[in-house]
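Respectively, the protein sequence lines represent chains A and V. Each residue of the first sequence is one higher than the one before, counting from 1 in the working numbering. Each residue of the second sequence is one higher than the one before, counting from 1 in the working numbering. Yeah, the Cβ is synthetic: ideal placement off N, Cα and C, and Gly gets one too. On a predicted model such as this, the values are computed, not experimentally measured, just so you know. Data block below; observations after.
There are 2 protein chains.
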Amino acid sequence: MPAAIKVVRDVLSANDEIATQNQQMLAEHDVLTINIMASPGAGKTSVIMETIRLLQSRLRSGVIEGDVASSVDAERVATLSVPVIQINTGGGCHLDARQIQAALSNLPLDTIDLLMIENVGNLICPTAFLLGESLRVTIASVPEGDDKPLKYPDIFHQADAIVLNKMDLMPYIRFDLAAFYERVRGLNPDVKIFPVSCTTGQGLQAWVDWLASSHASLVSKG
Amino acid sequence: MPAAIKVVRDVLSANDEIATQNQQMLAEHDVLTINIMASPGAGKTSVIMETIRLLQSRLRSGVIEGDVASSVDAERVATLSVPVIQINTGGGCHLDARQIQAALSNLPLDTIDLLMIENVGNLICPTAFLLGESLRVTIASVPEGDDKPLKYPDIFHQADAIVLNKMDLMPYIRFDLAAFYERVRGLNPDVKIFPVSCTTGQGLQAWVDWLASSHASLVSKG
């Protein structure tokens, strides 16, 4: 095996080991953890904020924000008075399990039911790194176009749910919804798909109901 | 120095050496080469196609398409009857100079004035890999939001020009144009910024005029 490939495999296997530890710790605290992956600007932070608002009478949320630079997303989320940690990767193109492990030690896990991890905006690199999540969620958005599943198949293939955001822009953009669904189903036949708009509120209730029932399943198993 | 860092530096320095060879070969053929970087769905292929159409009486175009998977972009470009090569990275998150070197040997460089290289949709990883380009162009788009320069500073810092695409969607989206300009100028005071729409045609003439004059400068220097 060439040395370069060995290095990458070692990094991934060390990452997966820590991810498993994170997952155990989160399960012990009955925390449903979702790893949210998307392009830059797909609306990850907006979806997180609407989710916190809609679930606040049912689930207590916490957030980990991952960005190459800046803390603007964490500042936005903090206005909702939930625990939030910002991770700056300083050029790194994805979050990894060790960064999440450090963040978890700074979060009040006993008072969190739903932990949303906003990964770095990138449809490629985050797919290889488990963080300790219960569920993987890919957010796509209407302005990105209906061909994204063809070009970035891994992130659609491995998702437990896909949120299609910015549905309010459908009248102004050529986006073939049937083709998008067909391309996603071709990669991942049973994935949940939630078309939503954080501007109009469309579709968000179905999305948060799914999260609440996923949390209930986790607790009943635990 | 830790071994892992050494490996990355070696990879980058080998890449830069091939990039320099590519650049020399392209200069010998008077080809203006632009490395186009953007998020998935920012409209890279649409900008390339409008550029080919608007310049067709002045410059002969060629295109290299980089994607993780699929050849949908190359198929779209090929409808304009220009030479096009599709590179599939098979999971790779950016193009590199060796891939471009292989593509160049399959392109009729004597009949190309403007070579547009569409990098993989990613605001982070492509920034570290020179390809042999004359100019680096970042395409941002209105639906991605005005905060992208804060979160992905490198790609805005190193650009020779920034195209802000999908200006036709401004009425439907909260996007602070003044804040976007200010954030870009904070990273890159002298960069050219071209607000455009491939749907309405707004702003595209200024963009292609800049390319034509950049080509003229390259030829007069050569």
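Query	Result
Burial state of P108 (chain A) (16 or more Cβ within 10 Å)	exposed
N165 (chain A) and M37 (chain A) closer than 7 Å at C-beta	no
Cβ-Cβ distance between I131 (chain A) and I100 (chain A) below 7 Å	Looking at the sequence itself, residue 131 (chain A) is Leu, so the reference to Ile does not match. Cβ atoms of L131 (chain A) and I100 (chain A): closer than 7 Å.
Residue ranges of each alpha helix (DSSP H) within the region 123 to 164 of chain V, 4 or longer	148 to 151 and 153 to 157
Short CB-CB distance (under 7 Å) between S13 (chain A) and chain V	no
Beta carbon proximity, S57 (chain V) to chain A, threshold 7 Å	no
Identity of the residue in V:R58, V:V184 and V:A14 nearest Q205 (chain V) by Cα	V:R58
Closest residue to V11 (chain A) among A:R98, A:D154 and A:P153 (Cα-Cα distance)	A:R98
Classification of T127 (chain V) by the beta-carbon crowding that lies within 10 angstroms, buried from 16 upward	buried
For L169 (chain V), three-class secondary structure by DSSP	helix
Proximity below 7 Å, CB of P171 (chain A) to CB of K148 (chain V)	no
Between the CA atoms of E144 (chain V) and G43 (chain A) - distance to the nearest angstrom	8 Å
DSSP three-state assignment for L107 (chain A), whether helix, strand or coil	coil
Nearest neighbour of G90 (chain V), chosen from V:T79, V:A102, V:S70 and V:L104 [CA to CA]	V:S70
Of the residues V:D67, V:N15 and V:L26, the one placed nearest P153 (chain A), counting alpha carbons only	V:D67
Nearest candidate by alpha-carbon position, reference D176 (chain A), set A:V142, A:D16, A:I18 and A:H215	A:V142
Which residues DSSP lists as bridging I281 (chain V), in chain order	Nothing can be reported for residue 281 (chain V): it is not among the residues displayed for chain V, which extend from 1 to 222.
Spatially closest choice to C198 (chain V) from V:L26, V:E50, V:L32 and V:E28, by CA coordinates	V:E50
Distance, V208 (chain A) Cα to Q56 (chain A) Cα	10 Å
is_contact[A69 (chain A), chain V] using C-beta, thresh 7 Å	yes
Inter-residue spacing [alpha-carbon to alpha-carbon] between L54 (chain V) and Q202 (chain V)	12 Å
Pairwise C-alpha distance: S220 (chain A) and A159 (chain V)	52 Å
Boundaries (first-last residue) of the alpha helix (DSSP H) holding L54 (chain V)	K44 to L55
Listed by chain order, chain B residues near Y152 (chain A) by CB distance under 7 Å	Among the protein chains in the structure shown, which are A and V, there is no chain B.
The ligand SAM heavy atom lying under 6 Å from the CB of L177 (chain V)	As far as ligands go, the structure on display features none, and thus does not contain the ligand SAM.
Under 8 Å by beta carbon: chain V residues contacting Y172 (chain A)	D168, L169 and Y172
DSSP bridge partner residues for L177 (chain V) (one or two, in chain order)	Paired residues: none, contrary to the question.
Under 7 Å between C-beta atoms of A161 (chain A) and V137 (chain A)	yes
Distance between I52 (chain A) and L80 (chain A) (C-alpha atoms, nearest Å)	8 Å
Any chain A beta carbon closer than 7 Å to P83 (chain V)	no
Rounded separation between L135 (chain A) and M167 (chain V) - CA only	36 Å
Short CB-CB distance (under 7 Å) between M1 (chain A) and chain V	Note on M1 (chain A): pLDDT 43, under 50, position unreliable in the model; the coordinate value appears next. Closer than 7 Å: no.
Rounded straight-line distance, which links the Cα of G121 (chain V) to that of E182 (chain A)	22 Å
The alpha helix (DSSP H) enclosing A38 (chain V), as first and last residue numbers	Here A38 (chain V) belongs to no alpha helix (DSSP H); instead the beta strand (DSSP E) covers L32 to A38.
Below-7 Å beta-carbon distance, D16 (chain A) vs any chain V residue	no
Bridge-paired residues (DSSP) for I100 (chain A)	DSSP output for I100 (chain A) lists no bridge partner at all.
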